[in-house]
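Engineer: Residue numbers (mature numbering (1 follows the signal peptide of the UniProt record, and there is no 0)): -24 to -1, 1 to 122. Even for Gly, the Cβ is constructed at its ideal location relative to N, Cα and C. In this text, all values refer to a predicted model and were calculated from it rather than measured experimentally.
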């Protein structure tokens, strides 16, 4: 290939890649990025007491048939998964006495409370109810120094 043809091919390739950007996914976030608000977690605390505490305990420590929702039990079960996974499990299987009866806003608030109780920091925006957005939020172990 002569230099002029090579330059024309390179220019064409550059134009094509610039005109057709890839469909890149938005960068994923971590629960350490402040993905809920303190106000939302407070609402979630009241909703947890009304809908979850009977089985999971007032201190989220679990019961005979219910897993802990705080501390090592929670982190062992959910680290490496997404907030979307947690939201979907809660939305479709809880409460055990009436699975799927909690609305998306209620589940988002309860999820915010669970994150708060597990020492993940609050932020400035509420945890959304959008499953695709929630799938992009990872439940990660604490970064070094936390």
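(1) Should residue 84 be flagged as near chain C, meaning a C-beta pair shorter than 9 Å?
(2) Over the uninterrupted alpha helix (DSSP H) stretch that includes residue 7, give me the two end residues.
(3) Which residue marks the beginning of the alpha helix (DSSP H) containing residue 88, and which one marks its end?
(4) Where residue 103 and residue 40 are concerned, what is the direct C-alpha to C-alpha distance, given to the nearest angstrom?
(5) Should residue 23 and residue 82 be called a contact, given that it needs their Cβ atoms to be closer than 9 Å?
(6) Suppose the cutoff is 6 Å on Cβ atoms and the five residues either side in sequence are ignored; what does the same chain contact list for residue 85 look like?
(7) Identify the continuous alpha helix (DSSP H) that holds residue 31 and give its terminal residues.
(8) Alpha carbons only, please: which of 99, 90, 76 and 95 is nearest the one belonging to residue 33?
(9) Quick one: residues in its chain with C-beta nearer than 6 Å to the C-beta of residue 45, no 5 flanking neighbours on either side, listed in chain order?
Structural biologist: Reading it off the structure:
(1) The displayed structure is made up of one protein chain only, and chain C is not part of it.
(2) Residue numbering aside, residue 7 sits at position 31 when the chain shown is read from its first letter. Neither: residue 7 is in no alpha helix (DSSP H) and is coded neither H nor E.
(3) Your numbering for residue 88 matches position 112 in the chain shown. Looking at the DSSP string, the run of the alpha helix (DSSP H) that includes residue 88 is 80 to 93.
(4) Counted from its first residue, the chain shown places residue 103 at position 127. Counted from its first residue, the chain shown places residue 40 at position 64. Those two C-alpha atoms are separated by around 30 Å.
(5) Along the chain shown, one-based indexing puts residue 23 at 47. Along the chain shown, one-based indexing puts residue 82 at 106. The answer is yes: Cβ separation under 9 Å.
(6) To locate residue 85, count along the chain shown from 1; it is residue 109. Excluding sequence neighbours, residue 85 sits near 16, 19, 20 and 23.
(7) The residue you call residue 31 lines up with position 55 of the chain shown. Where residue 31 is concerned, the enclosing alpha helix (DSSP H) stretches over 29 to 32.
(8) As a working note, residue 33 is residue 57 in the chain shown. Of the listed residues, the one whose Cα sits closest to residue 33 is 90.
(9) Within the chain shown, numbered from 1, the residue matching residue 45 stands at position 69. Around residue 45: 32, 36 and 90.
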